[in-house]
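As structure tokens, the structure follows; a few thoughts come after it.
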Amino acid sequence: MDLDKLRKTAAEIVSRDDVKYLIGWRRGTFGYRVSPHFVRDAAGADELIFSPLCISNLANYLTLVEKLPVPRGQEPDTRKVALMVKGCDSRAVAQLLAEKGIKREEVVVVGLPCPGMIDRKLLAEKYPETEQAAEIRWRGEDFVLVDGEEETVIPRAEVLAEKCRLCRHPNPVLSDVTVGEPVEPWAAAEDSGVAEIMAKNAEERWAYWEEQFSKCIRCYSCKNACPLCYCEDCILDRLDPIWVNRSVNFSENTAFHLARAFHLAGRCIECGECERVCPAGIPLGKLNRMLAQTVREEYEFEPGLDPEAEPFQASYKPDDPEEFIL
Amino acid sequence: MSAKLLHKEKWSEFTGRLSGKNLWAPAVQGEVKKFVPVAEGETVSLEGGNTTVPPKALIFPQTETLYRFSRGEEEPEPPAIDEEMVLLGVRPCDARAMALVEKLFRWDFDDPYYLKRRELTTLIGLACNEPEINCFCPSVGGSPASTEGLDILMTDLGESYLLEVLTDKGKAIAGAVEDLLEEAPAEALKQKEKLAEEALAGIKWSVDPEGIPEALPQLWEDPLWERVSAPCLGCGICTYLCPTCYCFDIQDEVEGSAGRRCRSWDSCMFAEYTVHTSGHNPRPSRRERTRNRINHKYSYFVDKFGEIACVGCGRCSSLCPVNIDLIDILRQVKAAQ
């Protein structure tokens with residue numbers, strides 16, 4: 002990745018009068034951490050990076066940002082937000098556009114073809130983190146950990162994130178500016194995680210999810226990290242009536258996770274953020290990928306590829322055979 | 347205070363004996379390390395770093411029933427809290443945190459639930475010989491071998507554990523396993539001092555909190571809050587897993603003609619936390635919520651109770667999915683002064 006070009010492009014974009022800020026990534030404060038970076042002026046662009054640790058999807062910030070009332074006498078800030086996206090992230094933007102959650106003129110999409118990202122937890126298990134912020138690069142198929150003069154090659158298969166093993170869209174599906182050459186999509190692996198669960202019978206599956214959901218501490222990081230969980234009036238936050246109690250137990254936790262999963266069916270673009278941010282290690286990706294797989298196979302629909310597409314859950318065909326209705 | 351030595355070959359007998367006293371110890375479940383009950387015959391390992399979920403969750407459970415009620419019954423029924431509990435392997439930072447949290451629960455009202463559970467709990471600590479990446483307890487008045495809040499402090503000396511018995515509760519525990527312990531020789535105490543010094547030297551992060559409580563109110567409108575809160579997801583990780591955070595919300599859960607009033611952890615990082623009935627939210631964005639989190643720990647609590655409500659365990663920094671780092675924020679506060 003040509004970081005100079007990335008930073009120069011970003012600096013040009015944030016210097017535009019019609020751009021409020023650009024969201025990218027910067028090195029974190031320690032170890033393998035990377036932080037979202039909000040670039041507000043050309044100087045801020047110098048800190049931008051794009052490395053195999055930039056796994057997080059920044060598209061959630063498009064809807065996470067609070068719409069505060071505009072003080073009397075002031076005009077609303079209608080400038081665009083520029084966003085750096087990998088292939089999967091760009092699908093979130095496309096899906097937000099399809100759902101009219103955002104408007105095309107509100108965003109500048111900076112596309113970054115993605116050769117695959119590292120799962121930080123896998124990496125830290127094999128190469129323990131230190132208080133120094135580490136530098137990692139792509140080299141050919143593999144990754145390389147750079148420590149001054151010293152370089153350690155890390156084989157791709159050892160640390161590649163699960164979502165990247167399954168990736169079918171490494172190149173952004175939409176962008177206004179692209180930095181870097183398109184990458185050759187690789188053969189997506191079989192989703193062994195989902196297959197493993199589907200091989201269980203209903204009781205075993207229930208037991209599996211009971212164990213998983215019992216671990217939940219209801220921190221809402223999955224909900225807040227999800228780029229497609231952005232309802233202003235969320236059923237999970239409702240107090241009158243309370244659909245999901247605040248008490249933390251298997252029953253309420255299950256209601257919470259299933260409500261989210263149902264609402265994401267046909268909308269989830271498989272960026273894996275829910276699972277990545279979960280402090281309890283709940284494999285939420287498997288749940289959402291199962292639904293995505295079903296929608297793909299049964300309805301031949303894949304969300305987040307076409308910003309003009311009719312949203313799956315909002316479409317209706319008068320000639321639908323509706324074979325499942327008794 | 348008395349000092350005892352427990353040889354490691356007697357470890358399983360030691361934990362086995364304590365397991366009859368409702369013993370809890372750290373265990374890894376999947377990705378999460380937390381305190382779990384130890385059944386008789388189960389092995390307890392104190393290897394590795396601190397727990398993901400702090401032991402506060404045992405004294406101040408994430409959800410607890412305050413009382414049950416039913417139609418026709420005039421008196422609500424509070425649950426009985428009468429079981430003693432022994433926590434083994436509590437880190438000094440987490441024990442200090444309990445001492446801080448207790449100030450709140452003893453403040454204008456004696457919280458019977460928290461205080462009763464705390465009273466019934468014995469804390470057997472474990473000194474940190476190998477601090478973790480984000481530890482910074484010395485900056486906020488702690489140390490890897492602090493005894494504050496503990497009943498016994500254990501130090502791993504390699505072949506044996508040194509047990510410093512600090513309170514009457516600690517004495518009762520030591521008395522119950524007296525035949526497994528021997529008097530600690532002077533060199534064991536010396537070795538412990540050396541390990542404590544090495545641990546202290548092994549702590550990488552530091553920030554001098556001097557001046558921060560006074561500076562924070564002056565920085566109310568400082569652009570730093572927008573900067574540090576921009577990546578925030580607004581989730582509850584940093585507060586739920588903080589050993590000194592104690593906010594809760596109370597709700598009634600009713601089914602048919604009976605129900606319970608319960609309290610669950612709440613977080614100032616949630617939008618809903620400060621929403622008024624009118625719909626107005628005095629902390630309308632993550633900027634105000636992040637500012638509150640830091641102000642609460644490093645200014646309001648100091649005003650009210652004279653101490654910083656942070657023990658430097660580093661969980662908020664280690665567990666934040668977007669690398670919002672407390673040390674980084676505190677340094678920015680100092681720089682903006």
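Quick note, the sequences are listed as chains S and E, same order. The numbering used here numbers the first residue of the first sequence as 2 and each following residue consecutively. The numbering used here numbers the first residue of the second sequence as 347 and each following residue consecutively. For glycine and all other residues, C-beta sits at the position ideal for the given N, C-alpha and C.
Proximity winner among the options, relative to residue i (alpha-carbon distances)
i, options, result
"Cys-279(S)", "Phe-31(S), Trp-244(S) and Ser-222(S)", "Ser-222(S)"
"Phe-31(S)", "Gly-102(S), Cys-55(S), Gly-88(S) and Glu-132(S)", "Glu-132(S)"
"Leu-684(E)", "Glu-533(E), Lys-517(E) and Ile-670(E)", "Residue 684(E) lies beyond the residue range present for chain E, which begins at 347 and ends at 683; the question has no answer from this structure."
"Gly-181(S)", "Phe-51(S), Glu-323(S), Glu-205(S) and Leu-97(S)", "Phe-51(S)"
"Pro-308(S)", "Leu-4(S), Leu-175(S) and Glu-48(S)", "Leu-175(S)"
"Thr-585(E)", "Lys-402(E), Ala-385(E) and Glu-386(E)", "Lys-402(E)"
"Val-657(E)", "Ser-552(E), Asp-514(E) and Phe-482(E)", "Phe-482(E)"
"Ile-549(E)", "Leu-351(E), Ser-485(E) and Phe-647(E)", "Ser-485(E)"
"Arg-138(S)", "Tyr-231(S), Arg-8(S), Met-2(S) and Ala-310(S)", "Met-2(S)"
"Lys-538(E)", "Trp-357(E), Pro-490(E), Tyr-619(E) and Ser-624(E)", "Pro-490(E)"
"Phe-647(E)", "Ile-558(E), Ala-534(E), Ile-673(E) and Ser-631(E)", "Ile-558(E)"
"Cys-55(S)", "Lys-216(S), Pro-116(S) and Glu-303(S)", "Pro-116(S)"
"Lys-515(E)", "Gly-582(E), Glu-430(E), Cys-593(E) and Thr-501(E)", "Glu-430(E)"
"Leu-259(S)", "Ser-16(S), Ile-236(S) and Leu-63(S)", "Ile-236(S)"
Straight-line Cα distance separating residue j from residue i
i, j, result
"Glu-448(E)", "Leu-461(E)", "8 Å"
"Thr-397(E)", "Glu-529(E)", "30 Å"
"Cys-165(S)", "Gln-96(S)", "19 Å"
"Leu-229(S)", "Leu-306(S)", "14 Å"
"Gly-286(S)", "Ala-162(S)", "12 Å"
"Ala-203(S)", "Tyr-209(S)", "10 Å"
"Glu-377(E)", "Cys-439(E)", "22 Å"
"Glu-126(S)", "Gly-602(E)", "50 Å"
"Asn-225(S)", "Asp-18(S)", "30 Å"
"Gln-213(S)", "Glu-151(S)", "41 Å"
"Arg-261(S)", "Gly-149(S)", "44 Å"
"Pro-53(S)", "Lys-122(S)", "13 Å"
Test: residue i CB closer than 8 Å to a CB of chain S
i, result
"Asp-568(E)", "no"
"Gln-408(E)", "yes"
"Tyr-459(E)", "no"
"Asp-497(E)", "no"
"Ser-610(E)", "yes"
"Tyr-586(E)", "yes"
"Asp-674(E)", "yes"
"Glu-618(E)", "yes"
"Thr-398(E)", "yes"
Neighbour flag for residue i against chain E, beta carbons, 8 Å
i, result
"Val-109(S)", "no"
"Cys-89(S)", "no"
"Ser-52(S)", "no"
"Asn-254(S)", "no"
"Val-278(S)", "yes"
"Val-249(S)", "yes"
"Asp-238(S)", "yes"
"Ala-220(S)", "Residue 220(S) is actually Cys in this sequence, not Ala. Closer than 8 Å to some Cβ of chain E, the Cβ of Cys-220(S) qualifies, so yes."
"Ser-176(S)", "no"
Segment limits, beta strand (DSSP E) that includes residue i
i, result
"Ile-596(E)", "594-601"
"Ile-583(E)", "Ile-583(E) -> not in any beta strand (DSSP E); alpha helix (DSSP H) instead, spanning 583-586."
"His-264(S)", "Counting along the chain, His-264(S) falls outside any beta strand (DSSP E), though it belongs to the alpha helix (DSSP H) covering 251-265."
Contacts that residue i makes with chain E (C-beta to C-beta distance below 7 Å)
i, result
"Cys-217(S)", "The contacting residues do not exist; Cys-217(S) stays about 10 Å from chain E at best."
"Asn-225(S)", "Leu-579, Gly-580 and Cys-581"
"Ser-16(S)", "The premise fails here: Ser-16(S) is roughly 19 Å from chain E at the closest Cβ pair, so nothing lies under 7 Å."
Contact set between residue i and chain S, taken where Cβ atoms lie within less than 8 Å
i, result
"Cys-662(E)", "Result: empty, since nearest Cβ-Cβ is about 11 Å, beyond 8 Å."
"Gln-564(E)", "Chain S residues near Gln-564(E): none, gap ~23 Å exceeds 8 Å."
Amino acids of chain E, ordered along the chain, whose beta-carbon sits closer than 8 Å to that of residue i
i, result
"Gly-353(S)", "One cannot answer for residue 353(S) here, as it falls past the ends of chain S, which runs 2 to 327."
"Thr-131(S)", "Ile-479"
"Cys-246(S)", "The question names Cys, yet the displayed sequence has Asn at residue 246(S). By Cβ distance, chain E contributes Gln-597 and Glu-599."
"Ser-57(S)", "Pro-667 and Val-668"
Contacts of residue i in chain S (Cβ-Cβ under 9 Å)
i, result
"Gly-362(E)", "Ordered by position in chain S, no residue passes the 9 Å Cβ test against Gly-362(E), which lies about 27 Å from the chain."
"Trp-551(E)", "Phe-31 and Glu-132"
"Ser-631(E)", "Val-66, Glu-67 and Leu-69"
"Leu-665(E)", "Pro-280"
Contacts of residue i in chain E (Cβ-Cβ under 9 Å)
i, result
"Pro-37(S)", "Ala-576, Pro-577, Val-668 and Asn-669"
Residue i: first and last residue of the uninterrupted alpha helix (DSSP H) it sits in
i, result
"Ala-403(E)", "402-405"
"Phe-651(E)", "647-651"
"Ile-675(E)", "672-682"
"Glu-1(S)", "Limits of chain S in this structure are 2 at one end and 327 at the other, which puts residue 1(S) out of reach."
"Ile-519(E)", "514-522"
The ligand ATP heavy atom lying under 7 Å from the CB of residue i
i, result
"Val-511(E)", "Looking for the ligand ATP in the displayed structure turns up nothing, as the structure carries no ligands at all."
Any chain A beta carbon closer than 8 Å to residue i
i, result
"Leu-412(E)", "The displayed structure is made up of protein chains S and E, and chain A is not among them."
Amino acids of chain S, ordered along the chain, whose beta-carbon sits closer than 7 Å to that of residue i
i, result
"Gly-376(E)", "Lys-216 and Gly-282"
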